[in-house]
Structure formats: structure tokens, C-alpha cells
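As C-alpha cells, the structure follows; a few thoughts come after it.
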Amino acid sequence: MQVIHDRRAFVIGLAGALVSARRLAQGSSSTEVYELRIDAERLQHTLEELSTFGRPAGGSFADGVSRVAYSDADTGGRNYVIGLLRAAGLEPRIDAAGNIRAVGAGSISALKPIVFGSHVDSVPNGGNFDGDLGSLAAIEVVRTLRDHGIRTRHPLEVTIWSNEEGGPVGSEIAVDGPRAGDLERIFNGTPMREGLVRIGGDPTRLENARLAPGSMRCYLELHIEQGGTLEKAGIPIGIVDGIVSIDEYTVEIRGVANHAGTTPMPERHNALLAAAKLIEAVQEEVTRAPGRQVGTVGQLTVTPNAPNVVPGFVRHTIEFRDLSEGTLARLGDAIRERTSQVARDTGTEITIRQVVHDPPALAAPEIQRQIEAAAVSLGLRTTHLPSGAGHDAQFLAKLAPMGMIFVPSVGGVSHSPKEFTRWSDCANGANVLLQTILRVDAA
Ligand SMILES: [Zn+2]
Numbered sequence: 520m521q522v523i524h525d526r527r528a529f530v531i532g533l534a535g536a537l538v539s540a541r542r543l544a545q546g547s548s549s550t551e552v553y554e555l556r557i558d559a560e561r562l563q564h565t566l567e568e569l570s571t572f573g574r575p576a577g578g579s580f581a582d583g584v585s586r587v588a589y590s591d592a593d594t595g596g597r598n599y600v601i602g603l604l605r606a607a608g609l610e611p612r613i614d615a616a617g618n619i620r621a622v623g624a625g626s627i628s629a630l631k632p633i634v635f636g637s638h639v640d641s642v643p644n645g646g647n648f649d650g651d652l653g654s655l656a657a658i659e660v661v662r663t664l665r666d667h668g669i670r671t672r673h674p675l676e677v678t679i680w681s682n683e684e685g686g687p688v689g690s691e692i693a694v695d696g697p698r699a700g701d702l703e704r705i706f707n708g709t710p711m712r713e714g715l716v717r718i719g720g721d722p723t724r725l726e727n728a729r730l731a732p733g734s735m736r737c738y739l740e741l742h743i744e745q746g747g748t749l750e751k752a753g754i755p756i757g758i759v760d761g762i763v764s765i766d767e768y769t770v771e772i773r774g775v776a777n778h779a780g781t782t783p784m785p786e787r788h789n790a791l792l793a794a795a796k797l798i799e800a801v802q803e804e805v806t807r808a809p810g811r812q813v814g815t816v817g818q819l820t821v822t823p824n825a826p827n828v829v830p831g832f833v834r835h836t837i838e839f840r841d842l843s844e845g846t847l848a849r850l851g852d853a854i855r856e857r858t859s860q861v862a863r864d865t866g867t868e869i870t871i872r873q874v875v876h877d878p879p880a881l882a883a884p885e886i887q888r889q890i891e892a893a894a895v896s897l898g899l900r901t902t903h904l905p906s907g908a909g910h911d912a913q914f915l916a917k918l919a920p921m922g923m924i925f926v927p928s929v930g931g932v933s934h935s936p937k938e939f940t941r942w943s944d945c946a947n948g949a950n951v952l953l954q955t956i957l958r959v960d961a962a
């Protein structure tokens with residue numbers, strides 16, 4: 520029943536695209552192209568093989584990976600991926616920033632490439648799906664098309680970005696260019712200058728890794744959600760609205776350090792008490808209105824930080840995230856007001872200073888519609904959601920229409936060996952990626 524319904528929706532919605540589909544699928548009928556599915560077992564197998572690079576000694580898949588950028592595990596995983604790209608008929612090359620890029624020709628050489636991929640580096644003690652799923656699904660898509668002798672109109676380019684967990688770094692350099700001091704930055708104990716050489720990059724020519732705005736038809740990335748929204752809702756496919764904007768503030772609270780035994784309560788100027796009130800204020804302001812905005816006080820230093828001294832000085836962070844910069848600005852104003860109130864109530868002096876403003880990276884509605892259509896054709900339910908975590912796609916959105924596909928993370932866990940996405944969900948995501956590519960190609 521479900522299948523018949525979806526088939527009808529698909530035929531009605533895409534009647535216009537069928538003509539183009541015929542054009543793209545030389546040797547195949549349009550029906551065959553839209554019935555194409557990735558090889559789920561092969562995708563699982565490559566994910567399991569990749570996990571051997573960076574696995575704890577004597578461990579198993581369930582023990583996760585430490586495949587931090589520029590390590591031996593990273594180069595091992597990258598070489599494995601390069602081998603897969605070659606087996607898929609592509610000729611991978613490594614750009615100066617260490618990104619692995621592999622283009623397959625399309626039937627119309629004047630068209631811009633459809634670019635898709637992710638990353639294979641991990642955090643220390645990370646999982647097997649963050650970045651790996653998007654990378655190996657991208658390769659699986661190319662293998663599937665090749666197995667069926669299908670050539671798209673657009674060139675297809677798989678990109679495995681370098682050192683995502685360090686920034687993202689490789690994608691940022693490709694989009695924004697290198698920043699002063701980049702090469703001296705230390706990642707996992709290795710200066711980037713050295714690390715880049717290890718993974719086949721060229722620190723003397725970082726500018727060569729730059730991609731021109733408009734140089735691609737679009738950028739697509741499949742990724743695990745890393746949160747629990749999809750799993751809780753029982754929805755297999757998330758269509759990402761964008762990667763959230765981040766505002767970060769530094770708060771400094773000056774009170775008076777004094778003897779914890781001899782200073783009466785009414786005479787205290789307790790900087791930590793003021794911080795506690797502000798932490799609560801962040802919680803209240805963020806949850807005052809409905810929405811997906813989040814606010815966190817995650818770092819705090821107390822001076823002198825002794826059990827028998829009334830705290831005289833506290834420095835802490837406040838971080839707000841949301842897709843809407845307007846919401847973040849309102850939260851910033853609200854917390855400034857609360858700061859003045861808390862200073863009066865506690866007899867302290869409080870300064871608040873904004874130190875970070877990262878704008879949001881919005882997905883292109885045109886690409887979101889294609890992801891939706893692809894999921895519907897596969898009989899998969901979808902929902903829209905923002906990404907609270909950063910991704911390579913946030914930089915690519917500056918160059919081309921961007922779209923991200925999320926699949927459920929079991930328990931909302933990531934950056935942990937416990938990170939897991941059901942194999943059926945991995946396959947669903949890869950099929951949505953495949954069908955989205957075919958739809959964008961035919962549109
Ligand atoms: Zn990732």
C-alpha cells in the first residue's frame with residue numbers, strides 16, 4: 520500500500536523530470552534509474568573495514584576509533600578510502616589542504632559538478648559513523664551508478680575533507696582560504712604544516728586548494744544527526760534547514776575575595792554567586808519562548824578557587840546557538856539586562872563581551888525539495904531540523920546551493936565509541952543521497 524502510494528506521488532511529482540531522466544540514463548529507462556538502490560551490505564562492509572584504522576588495540580567495531588587528523592590511523596583510513604575511489608573508477612587527487620577529491624566525468628562536460636562527501640577523521644575515542652557514513656555512502660553512490668552503467672549529465676565529485684574535527688579545517692581553507700598562522704596551529708600534537716605533508720597536502724601552496732564561488736552545481740552531505748530528534752520521533756530522514764549561528768560571550772565578574780569564616784553573609788560580594796544566578800538566567804531566557812534555540816555556560820574559572828575564601832573573581836562563557844541571528848541577538852540583549860540586575864543584587868561588577876559571532880549556513884530550499892522528493896520516492900518519512908553541530912557543509916554553503924541529509928543517531932550519542940546508526944538507516948540515507956543526486960542531475 521505504502522509502495523503504491525509513494526509510486527503515485529513520485530509519478531505525479533516528477534512527471535516533468537522523467538524526460539530529463541531518460542536523457543541522463545543512457546541505456547537505462549527512467550524507471551530503472553529511479554528504482555536504483557545502493558548495495559547496503561557493501562556499505563556496511565566498507566564502514567566496518569574503515570573502522571579498523573584507529574581501532575583500540577584488541578578492540579572490535581563496538582570500541583569505536585581514534586582516527587584523529589594527521590595520525591597514522593588517519594593516513595591509513597584515507598588510503599583505504601582512496602583505494603575505494605579508484606575501485607569506483609575515479610582518479611582521486613589530494614589538494615594542498617589535504618582534501619581528497621575525485622571527479623567522474625558527466626555526459627555534458629559544460630555542466631558544473633555535483634559535489635558530495637564528508638570526512639573520515641574522528642575525535643579521540645570517537646565513533647564509526649560521524650563523517651564515515653557520509654564519506655562511504657558517497658563512494659557507494661558512485662559504485663552503484665557504475666555497476667549499472669549509468670552516467671549522469673553533471674560530473675560527480677566525491678570529496679573527503681581533511682581534519683574536519685579540528686575546525687572544520689580542510690573545507691574552510693578550500694572555501695575561505697588559509698588564515699594567518701594556520702600552519703602553526705597544533706592538532707593532536709602535530710603542527711598543521713607537518714600534518715599536511717603527512718596526508719599528502721602541500722603547506723606551501725594552500726591557496727591552490729581554493730574553490731571558486733559557483734564552481735559546483737551543489738554540495739550534498741549525508742551525516743548522522745548526532746542528536747536524538749529523529750530517533751525520538753521515529754523518522755528515518757532529516758532534511759537539514761541549515762547549520763546554526765553561534766554567539767559566544769565572555770563574562771567577567773568582580774566581587775571581593777574575603778575570609779569564608781569571618782565575612783557575614785550580607786557583606787559579601789560573591790562573584791560565584793553572581794555566576795550561578797547568570798547560569799540560571801541563561802536557562803530561563805533560552806527557554807522563555809518556544810523554538811530550538813540553545814544556551815550553554817560550559818566554561819568557568821573561579822579565583823581564588825579555595826574552599827575557605829569567598830570567590831572574588833569569576834570568568835565564564837555563555838554560548839547561544841540558533842538558525843536565526845535575530846533570536847541570538849534578542850538573547851544577547853536579554854542576558855545583558857539580566858547581568859545588570861545580577862550585579863546590583865550581588866554587589867559585584869560584571870562585564871559581558873561578545874567574542875564570537877558565526878553566521879548560520881542555510882541549506883538551499885531547491886536542494887531541500889529534491890531531498891524531500893527523493894525520500895518520498897523511497898517511502899521514507901522526513902522532518903526538517905537545524906544542525907546544532909558544525910559540518911564541512913557550512914563552508915560549502917558559501918559557494919553553492921547546499922543540502923544535508925541526516926539519519927538517526929541511536930540515543931542521540933556521538934563523539935563516542937557508543938555512536939551508532941542502524942544499518943537500515945545508513946542504507947536509507949545513502950539511497951536518499953543517490954536519488955537526490957539523480958534528481959538534481961535531471962532537473
Ligand atoms: Zn562529522
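Residue numbers (the working numbering): 520 to 962.
C-beta atoms are modelled at their ideal positions from N, C-alpha and C, and glycine is treated no differently.
Query                                                                                                    : Result
Alpha helix (DSSP H) runs wholly inside the segment 764-838, at least 4 long, in chain order             : 790-806
Rounded separation between T594 and I718 - CA only                                                       : 6 Å
Closest by C-alpha distance to R840, when choosing among G761, L715, D944 and G907                       : G907
For D511, the three-state DSSP class (helix, strand or coil)                                             : Because the chain is modelled from 520 through 962, residue 511 falls outside the range shown and cannot be assessed.
Inter-residue spacing [alpha-carbon to alpha-carbon] between A536 and G708                               : Because the pLDDT of A536 is 44, which lies under 50, any placement of that residue in the model is unreliable, and the number read from its coordinates should be weighed accordingly. Those two C-alpha atoms are separated by around 51 Å.
Proximal residues to I798 (C-beta, below 6 Å), its chain only, five neighbours per side dropped          : V816
Simplified DSSP state of Y1000, which is helix, strand or coil                                           : The shown model of the chain, from 520 to 962, leaves out residue 1000, and the question about it has no answer.
Stretch-stretch touch, CB-based, cutoff 8 Å, three pairs: the segment 766-776 with the segment 866-873   : yes
The beta strand (DSSP E) enclosing V875, as first and last residue numbers                               : E868 to D877
Reference L630; option with closest CA among R665, G602, G733 and G636                                   : G733
Inter-residue spacing [alpha-carbon to alpha-carbon] between L559 and F939                               : In the sequence as presented, Leu is not what sits at residue 559; that position holds Ala. Near 16 Å, if we compare the C-alpha coordinates of F939 and A559.
Under 8 Å between C-beta atoms of A699 and A728                                                          : no
Near ligand 1: E683 beta-carbon under 7 Å from a heavy atom                                              : yes
Touching by the beta-carbon criterion (3+ pairs, under 8 Å), the segment 740-759 and the segment 823-841 : no
A776 vs G831 beta-carbon contact at 8 Å                                                                  : yes
Alpha carbon of E493 to alpha carbon of V587, nearest angstrom                                           : There is no way to answer for residue 493, as the model of the chain reaches only from 520 to 962.
Extent of the continuous alpha helix (DSSP H) run through T565                                           : A559 to L569
For R620, the nearest candidate out of E554, F648, V929 and R597 (CA to CA)                              : R597
Cβ pair S859, N644 closer than 8 Å                                                                       : no
Contact under 8 Å by Cβ, G948 with I756                                                                  : yes
Assumed close pair S654, F914 - CB separation to whole angstroms, cut-off 8 Å                            : Rounded, the Cβ-Cβ distance is 16 Å, inconsistent with contact.
Heavy atom of ligand 1 within 7 Å of D593 beta-carbon                                                    : no
Boundaries of the alpha helix (DSSP H) in which I890 is found, first to last residue                     : P884 to S896
Residue of R787, D666, R888 and T723 minimising C-alpha distance to P697                                 : T723
Distance cut-off 7 Å: H742 Cβ against heavy atoms of ligand 1                                            : yes
Assigned exposure category for A540 - 16 Cβ within 10 Å defines buried                                   : Reliability fails at A540, whose pLDDT of 45 lies under 50, so the model's placement of it is uncertain and no value is given.
Residue(s) in a DSSP beta bridge with F706                                                               : T709
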